[in-house]
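Only one structure is covered here, and it is reproduced in the block below.
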Amino acid sequence: MFGLHFKKARRGIKRITKFRSMNYLLYLILFFASLFGKMIIFIFPVFELAELRLSDALINQKELDHIFEDSNDINKLFKMFIALLLKYSFILGVGAILALLIFGFAQIGIVFDQVIDNERLKLFDVFLYGGISLGTLGLMISAIYLAPVTYLIYNNNSVSEAFHKSLIMMREGGKTKLFLIMFYHLLIVGILFTLYGYVNFIAFNLLISEAYIVIMTLLLIILVFLLPLIYLSYRTASISFIEEKVKAYELDLAIELDNYQTNLKQDLVNELFNAQPMSHIIEKTTSEEEVV
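Take the sequence shown: its position 229, counted from the start at 1, is 231 in the numbering used here, and no numbers get skipped.
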């Protein structure tokens with residue numbers, strides 16, 4: 003199941019590289035326009051919906067045109083704006099709490115360092131970096147719990163319904179897979195930047211300045227072209243997984259509703275057959291009145 007999402011992501015990337023409806027250069031323009039557009043809070047929903055429509059088209063083998071079609075739907079844009087505002091406010095709130103905890107851990111480390119006075123091992127560093135690692139993990143988990151929200155808004159759910167479904171779906175399972183998708187792509191980005199730094203160090207010490215500048219500039223251009231592709235892979239893989247979670251959740255709800263309606267009908271039938279005849283009830287009532 004986990005590999006299926008990456009297969010869908012790779013199929014989506016192949017569609018772009020084949021220049022069917024939208025070539026990779028146009029996607030680069032969309033990617034960098036999205037980076038700047040998302041800095042403007044009122045335009046953020048437009049690009050978010052465009053990226054969701056793009057991922058949906060790649061996953062389900064749809065045409066890649068009209069990715070800004072949702073920008074005409076004012077109601078959906080407003081819902082996406084409110085959802086994004088609430089989502090990132092929640093994540094920032096979690097981040098603020100974690101930052102306070104990290105600060106507290108660092109202060110504990112300073113106190114221990116003053117008491118122990120060990121020059122080799124600084125507990126301040128242990129508590130600080132340990133707290134930062136746990137804080138980063140906490141932020142990722144909070145982001146994972148709210149990951150389906152924007153997709154649900156894209157599929158015309160209300161804001162409250164989107165948050166409710168998102169929390170329930172992630173609570174029931176799937177957090178690990180979504181975390182692995184996120185970690186996998188972050189790992190690729192980390193490896194690329196590490197390799198770039200390593201090559202930069204070697205080239206700086208071995209090459210003359212002109213050759214060093216040319217080589218590192220070319221590598222930087224390659225890196226800039228690769229990052230949008232990795233981001234597209236991440237979005238496509240994560241949206242593919244979320245789409246399947248939403249379908250499974252809605253199927254479960256439909257089955258529960260069907261079972262409830264079936265049981266309700268059966269209960270009504272049972273009550274009908276178990277009910278006493280009206281003549282028997284009249285006779286019983288009449289006899290009771292005579293006794294009185």
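Glycine included, each C-beta is placed from N, C-alpha and C at the ideal position. Quick caveat: nothing in here was measured; it's all calculated off a predicted structure.
For Glu-245, the nearest candidate out of Leu-54, Phe-227, Phe-46 (CA to CA): Leu-54
Contact check, Ile-215 vs Ala-205, beta carbons under 7 Å: no
Close-in-space but distant-in-sequence residues of the same chain around Phe-114 (CB under 6 Å, 5 per side omitted): Leu-125
Assigned secondary structure, Lys-167 (DSSP; H/G/I helix, E/B strand, else coil): helix
The stretch 160-168 in contact with the stretch 128-141 per 3-pair CB rule at 8 Å: no
Buried or exposed (CB count within 10 angstroms, at least 16 for buried), Ala-108: buried
Contacting residues, own chain, Cβ-Cβ under 6 Å from Gly-14 (five flanking each side not counted): At Gly-14, the pLDDT of 48 sits below 50, so the modelled position is not reliable and the matter cannot be decided from this model.
Residue nearest to Val-128 in terms of C-alpha spacing, selected from Val-117, Met-171, Ile-112: Ile-112
DSSP-derived helix/strand/coil call for Glu-245: helix
Pair within 7 Å by beta-carbon distance, Leu-51 and Lys-89: no
Nearest candidate by alpha-carbon position, reference Lys-167, set His-68, Val-248, Tyr-236, Ile-118: Val-248
Classification of Tyr-200 by the beta-carbon crowding that lies within 10 angstroms, buried from 16 upward: exposed
Chain-order list of residues whose beta-carbon lies under 8 Å from that of Ile-170 (same chain, five-residue window excluded): Tyr-251
Any 3 or more C-beta pairs closer than 8 Å across the stretch 71-78 and the stretch 90-108: no
Within the stretch 149-222, ranges of the alpha helix (DSSP H) (whole runs, at least 4 residues): 150-156, 161-174, 177-208
Exposure of Phe-227, with buried meaning 16 or more beta-carbon neighbours within 10 Å: exposed
Beta-carbon proximity of Phe-49 to Ser-36, cut-off 7 Å: yes
Between the CA atoms of Pro-230 and Tyr-186 - distance to the nearest angstrom: 15 Å
CB contact flag (Ser-91, Ile-183, <7 Å): no
Length of the line joining the Cα atoms of Ile-190 and Ala-85: 29 Å
Assigned secondary structure, Phe-38 (DSSP; H/G/I helix, E/B strand, else coil): helix
Thr-196 classed as buried or exposed, judged by whether at least 16 other C-beta atoms fall within 10 angstroms: exposed
Element boundaries [alpha helix (DSSP H), containing Asp-75]: Looking at the DSSP string, Asp-75 is not in any alpha helix (DSSP H), and its letter there is neither H nor E.
Exposure label - Asp-58; buried when at least 16 CB within 10 Å: buried
For Ile-223 and Thr-178, the rounded distance between their alpha carbons: 34 Å
Option nearest Val-151 by Cα separation, candidates Asn-261, Asn-265, Lys-81: Lys-81
Cα-Cα separation, Tyr-233 to Glu-174: 27 Å
Any non-hydrogen atom of the ligand GTP within 6 Å of Leu-136 CB: Of the ligands one can find in the structure shown there are none, so the ligand GTP has no counterpart to examine.
As assigned by DSSP and simplified to three states, the class of Ile-43: coil
Cα-Cα separation between Tyr-236 and Ile-146, rounded to whole angstroms: 13 Å
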